[in-house]
Amino acid sequence: MALERIQQVRGTGIPLRGDNIDTDRIIPARFLKSITFEGLEDHLFEDDRATAPSHPISHPAYRGAMILIVNKNFGCGSSREHAPQAIRRRGIQAVIGESYSEIFFGNSVALGMPCVTAAHGDVTALMALVEGEPSVELTVDVESMTVTGGGQSIQVNLPPGARESFLNGAWDATGLLLDRVENVDSVAKRLPYISGW
Amino acid sequence: MSLPMARTLFQKVWDLHTVRTLPNGQTQLFIGLHLIHEVTTPQAFDMLRARGWTVRFPERTIGTVDHIVPTRDQRRPFADLMAEDMLSALERNCRDAGIKLLDLSSGAQGIVHVIGPEMGLTQPGMTIACGDSHTSTHGAFGAVALGIGTSQVRDVLASQCVALDPLKVRRIRITGQLARGVYAKDVILEIIRRLGVNGGVGYAYEYAGDAIERMTMDERMTICNMSIEGGARVGYVNPDQVTFDYLRGRRFAPEGDAFERACEWWSSMASDPDASYDGDVVIDAGAIRPTVTWGINPGQSVYVDERLPDSAAPADHSSIAEALEFMGFSAGDAITGTRIDVAFVGSCTNARLSDLREAARVVRGRHVAPHVKALVVPGSQAVRAAAEREGLDRVFTEAGFEWRGAGCSMCLAMNPDKLEGREICASSSNRNFKGRQGSPTGRTLLMSPAMVAAAAVSGHIVDVREFPDGT
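These protein sequence lines are chains U and S, in that order.
Just so you know, we're using the working numbering here: the first sequence kicks off at 2 and counts up by one.
Just so you know, we're using the working numbering here: the second sequence kicks off at 681 and counts up by one.
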């Protein structure tokens, strides 16, 4: 299936400070009680926001932002895709961070939301830039692997497979996985626990 | 002809299940066993229908219900209509696709990571996926088992495959004897504390060493279960005689001669003795003490006789300060003596029969402290029935614990079991994240089931090593 190629995301940012922000905080489990992903964006960081009135997600200065900026091990814990779904449905189209949990990263690829990594110092500087001037426009460039904004440019990273997928519009894997069903059948046949002992 | 390279179990399983290299360089990996539950799958089935795809290998997927089931009154329809809707959706999806569902009336329902092994579905050498991060549990059998998101559940339903990058393998050897009162739970909490909550990102953890080899399957499952808490999506133990003895006679295990042939193949999948690793860590089992988390991630723990770290400590100082503030603790506080409100024995980490036995050993003849609400939630209907045959239910209820039906319960509180307000829970589960147990301000202290039991009867955190068995 032909999908949108994702080469660049351009927009303002939201800095969200803190290491090890887990998916229970991103979307508390009670909001997973649903058979769809609809409306999850309303509950993004709901409990964190309730205890911190100036939480960046609800702060008017960052309204309409498209790029989330985070620290280390973002999205750790539960595999719930509801977490990147809630972020994506809130209008975020790319994430810049020091590192991510593997499952969160993979789930985000499947939604067409690049999560690029950058050095600690660069992320810190970027957060400070956006906090000082929330209207500054950032560009996450998947082609050149840079983030630019406010006259600055930093190098970012993406695993080559994910980068290829975004650039070629192949980030939704199902079509590819269904491409060679005969190969799948032959793998199934060589597994003794399927073909019989 | 070159000699075959020595490989780890991870590499052997990966190679065997590789369908092809995708154009983007990722691996198309065949999934041998797909487990599903009610929370992360309804949207996947919807996506499938929207594209007109069908479930390609329905016999390779098995479903159960665990996250949202109430543990007190399990009669249908559930009082919670949304929970009822989710269960109905799973029933409908499984029926339409021809997928076996082990539901509440099956006698085999339970937490997905408890029932897979106990039914003999989980076997060495397999690839296993489930829309749940604790799928790493199944690695205890020498399977490559990983948690996936809903879009990947869709991929597996449609193609029986996922697109993945290979992982590096770090070997973690646990050597020597565990002291009395120290459990598999303490070992994995130790590993996470030392290597960090993100130390395993990009890695599979191979747990080895004589302490692991002496462990039962239940103990190995506890360790593999929390691999993801250390950032490792996959954790595994090489299959051995303990594994085979566990599997023999289970419902979905091979029988007769086929079982013997299976054992031979399973053995051949273990890591070669001269395989090389992307890292090697050795931990002295004898030095590990009962461990309790004090913070908001599973790496923030201390030995029960230690004091809480100083927030001025150079590393992670902002994380420590944030955690101390949320928990209402101060640097230098002792963890023993911390008053608890709730005691929870349950979850895919520690709700198997042996866990219940260890907790019962502590509470036998004692009583839960008057201010503590205590509950035991068996991991499966089979665990519950086996415990009742041994009279464990009476030990618990006579001590003032509630004895519940099987489910995820208070581990993540997607059901009526949850903390209220600022309550502190001594919990045998796996996550102490802010709000994890259902109250945004609730607090969780993770520990072994025996430590939970000791805290329940004492009313506060105590050192289970100083606690004689009950009468």
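Using N, Cα and C, we set each Cβ at its ideal position, and we do this for glycine too.
For clarity, every value in this text was computed on a predicted model and none was experimentally measured.
Check: Under the rule that 16 or more other beta-carbon atoms within 10 Å means buried, what is N158(U), buried or exposed?
Finding: Position 157 of the first sequence, counted from the start, is the residue given in the question as residue 158(U). When all chains shown are included, N158(U) counts as exposed.
Notebook entry, point to check: Does the beta carbon of F710(S) come closer than 7 Å to any beta carbon on chain U?
Noted result: The sequence position of residue 710(S) within the second sequence is 30, counting from 1. Under the Cβ criterion of 7 Å, F710(S) is counted among the residues facing chain U.
Notebook entry, point to check: Leaving out five residues before and five after A1134(S) in sequence, what residues of the same chain have Cβ atoms less than 7 Å from its Cβ?
Noted result: Numbered from 1 along the second sequence, position 454 holds the residue referred to as residue 1134(S). Answer for A1134(S): V1042, V1142, V1144 and F1147, listed in chain order.
Check: Counting contacts by CB-CB distance shorter than 7 Å, is D925(S) in contact with chain U?
Finding: Numbered from 1 along the second sequence, position 245 holds the residue referred to as residue 925(S). Judged by the 7 Å Cβ criterion, D925(S) is not in contact with chain U.
Check: Under the DSSP definition of a beta bridge, which residues are partnered with W1083(S)?
Finding: In the second sequence, the residue the question calls residue 1083(S) occupies position 403. As a beta-bridge residue in DSSP terms, W1083(S) pairs with V1056(S).
Check: Could you give the uninterrupted runs of the alpha helix (DSSP H) lying entirely in the stretch 857-940 of chain S, keeping only those of 4 residues or more?
Finding: Taking only runs of at least 4 residues, the alpha helix (DSSP H) segments lying wholly in the stretch 857-940 of chain S are 864-875, 890-893, 897-905 and 921-927.
Next item on the list: Could you tell me whether the Cβ of T175(U) comes closer than 7 Å to any Cβ of chain S?
Entry: By one-based count along the first sequence, residue 175(U) stands at place 174. The beta carbon of T175(U) sits closer than 7 Å to some beta carbon of chain S.
Next item on the list: Express the C-alpha separation of I97(U) and M681(S) in angstroms, rounding to a whole number.
Entry: Taking the first residue of the second sequence as position 1, residue 681(S) is located at position 1. Taking the first residue of the first sequence as position 1, residue 97(U) is located at position 96. Low confidence applies to M681(S): its pLDDT is 47, below 50, so where it sits in the model is not reliable enough to give any reading.
Item checked: Simplified DSSP state of R181(U), which is helix, strand or coil -> Within the first sequence, the letter at position 180 stands for residue 181(U). In the three-state DSSP reduction, R181(U) falls in the coil class, being neither helix nor strand.
Item checked: 8 Å Cβ cut-off: residues of chain U touching N878(S) -> Within the second sequence, the letter at position 198 stands for residue 878(S). Result: N21, K73, N74, C77, S100 and S102.
Checklist line | 7 Å CB neighbourhood of C116(U) in its chain, flanking five on each side removed | finding: Counting from 1 along the first sequence, the entry for residue 116(U) is found at position 115. Counting only Cβ-Cβ distances below 7 Å, and skipping sequence neighbours, we find V96, G98, Y101, F106 and S109.
Notebook entry, point to check: Ordered along the chain, which non-local residues of its own chain (more than five positions away) have a Cβ less than 7 Å from that of A942(S)?
Noted result: Walking along the second sequence from the start, residue 942(S) turns up at place 262. For A942(S), where only same-chain residues beyond five positions count, the Cβ hits under 7 Å are P934.
Checklist line | Minimum Cβ-Cβ distance from C1088(S) to chain U less than 7 Å | finding: One-based indexing of the second sequence puts residue 1088(S) at position 408. With its beta carbon at least 7 Å from every one in chain U, C1088(S) lies outside the interface.
Next item on the list: Check the DSSP bridge columns for R850(S) and list the partner residues they point to.
Entry: Here residue 850(S) corresponds to residue number 170 of the second sequence, with the count starting at 1. Secondary-structure assignment with DSSP links R850(S) through a beta bridge to Y885(S).
Notebook entry, point to check: What residues from chain C crowd round I195(U), counting only those whose CB sits closer than 8 Å?
Noted result: As a matter of chain content, chain C is missing from the structure shown, whose protein chains are U and S.
Margin query: Following a CB-centred definition, is P160(U) positioned closer than 6 Å to any heavy atom of the ligand PLP?
Written below: In the structure shown, the ligand PLP is absent, as is every other ligand, since no ligand is present at all.
Item checked: For A1(U), the nearest candidate out of E132(U), D186(U), A174(U) and T140(U) (CA to CA) -> The structure shown does not extend to residue 1(U), since chain U is modelled only from 2 through 198, so no value can be given for it.
Item checked: Alpha carbon of T971(S) to alpha carbon of G1122(S), nearest angstrom -> Here residue 971(S) corresponds to residue number 291 of the second sequence, with the count starting at 1. Here residue 1122(S) corresponds to residue number 442 of the second sequence, with the count starting at 1. A direct Cα-to-Cα measurement between T971(S) and G1122(S) gives close to 20 Å.
Next item on the list: Give the straight-line distance between the Cα atoms of A51(U) and P953(S), rounded to the nearest whole angstrom.
Entry: As a working mapping, residue 51(U) is identified with position 50 in the first sequence. As a working mapping, residue 953(S) is identified with position 273 in the second sequence. Their Cα atoms are separated by approximately 54 Å.
Notebook entry, point to check: Short check: CB of V842(S) to CB of A777(S), under 7 Å?
Noted result: The residue you call residue 842(S) lines up with position 162 of the second sequence. The residue you call residue 777(S) lines up with position 97 of the second sequence. The Cβ-Cβ distance between V842(S) and A777(S) does not fall below 7 Å.
Next item on the list: Could you list the residues in the stretch 47-60 of chain U with a C-beta less than 9 Å from some C-beta on chain S, going in chain order?
Entry: Under the 9 Å Cβ criterion, the stretch 47-60 of chain U contributes E47, D48, D49, A51 and T52.
Next item on the list: Please decide whether S1109(S) counts as near chain U, where near means a Cβ-Cβ distance under 7 Å.
Entry: Locating residue 1109(S) in the second sequence gives position 429, counting from the first residue. Judged by the 7 Å Cβ criterion, S1109(S) is not in contact with chain U.
Item checked: Best match in L715(S), G712(S), T721(S) and M1090(S) for proximity to S35(U) [C-alpha to C-alpha] -> One-based indexing of the first sequence puts residue 35(U) at position 34. For S35(U), the closest C-alpha among the options L715(S), G712(S), T721(S) and M1090(S) is that of T721(S).
Next item on the list: Taking L1162(S) and A891(S) to be in contact with their CB atoms under 8 Å, please state how far apart those CB atoms are, rounded to whole angstroms.
Entry: Chain S is shown only over 681 to 1151; residue 1162(S) falls outside these bounds and no answer can be derived.
Note to self: Determine, for D835(S), whether the minimum Cβ-Cβ distance to residues of chain U falls below 7 Å.
What the structure shows: As a first step, residue 835(S) must be located in the second sequence, where it is residue number 155. Closer than 7 Å to the CB of D835(S) there is at least one CB belonging to chain U.
Next item on the list: With R50(U) as the anchor, note down where its alpha helix (DSSP H) starts and where it stops.
Entry: Residue 50(U) sits at position 49 when you count from the first residue of the first sequence. In this chain, the alpha helix (DSSP H) harbouring R50(U) covers E47 to T52.
Checklist line | Whole runs of the beta strand (DSSP E) within the stretch 67-144 of chain U, excluding any shorter than 3 residues | finding: Whole beta strand (DSSP E) segments, 3+ residues: 68-71, 95-98, 116-118 and 139-142.
Margin query: As an exercise, report each continuous beta strand (DSSP E) stretch of at least 3 residues that is fully enclosed by the stretch 742-816 of chain S, in chain order.
Written below: With a minimum length of 3 residues, the continuous beta strand (DSSP E) runs that stay inside the stretch 742-816 of chain S are 780-782 and 807-810.
Margin query: I'd like to know if N158(U) contacts chain S, where contact means its C-beta is closer than 7 Å to some C-beta of that chain.
Written below: By one-based count along the first sequence, residue 158(U) stands at place 157. It does not: the Cβ of N158(U) has no partner Cβ on chain S nearer than 7 Å.
Next item on the list: Consult DSSP for F1113(S) and reduce its assignment to one of helix, strand or coil.
Entry: As a first step, residue 1113(S) is located in the second sequence; it is residue number 433 there, counting from the start. Collapsing the DSSP output to three states places F1113(S) in coil.
Next item on the list: Hey, could you find the ends of the alpha helix (DSSP H) L1033(S) is sitting in?
Entry: Taking the first residue of the second sequence as 1, we reach residue 1033(S) at position 353. Element bounds for L1033(S): L1033 to V1043.
Next item on the list: Please name the residue in R1046(S), V1025(S) and R1069(S) whose C-alpha comes closest to that of L1126(S).
Entry: Along the second sequence, read from residue 1 onward, the residue named residue 1126(S) stands at position 446. Of the listed residues, the one whose Cα sits closest to L1126(S) is V1025(S).
Check: Going straight from the alpha carbon of T902(S) to that of S1027(S), what length do you get?
Finding: Position 222 of the second sequence, counted from the start, is the residue given in the question as residue 902(S). Position 347 of the second sequence, counted from the start, is the residue given in the question as residue 1027(S). Each residue's CA atom was taken as its position, placing T902(S) and S1027(S) some 10 Å apart.
Next item on the list: Measuring alpha carbon to alpha carbon, tell me which of R1116(S), D845(S), R873(S) and T817(S) ends up nearest P978(S).
Entry: If you number the second sequence from 1, residue 978(S) lands on position 298. Here the closest residue by C-alpha is R873(S).
Note to self: Using the three-state DSSP reduction, which class does R18(U) fall into: helix, strand or coil?
What the structure shows: Indexing the first sequence from 1 puts residue 18(U) at position 17. In the three-state reduction of the DSSP assignment, R18(U) falls in the coil class, being assigned neither a helical nor a strand state.
Checklist line | I716(S), enclosing beta strand (DSSP E) - first and last residue | finding: Numbered from its first residue, the second sequence carries residue 716(S) at position 36. Residues L713 to I716.
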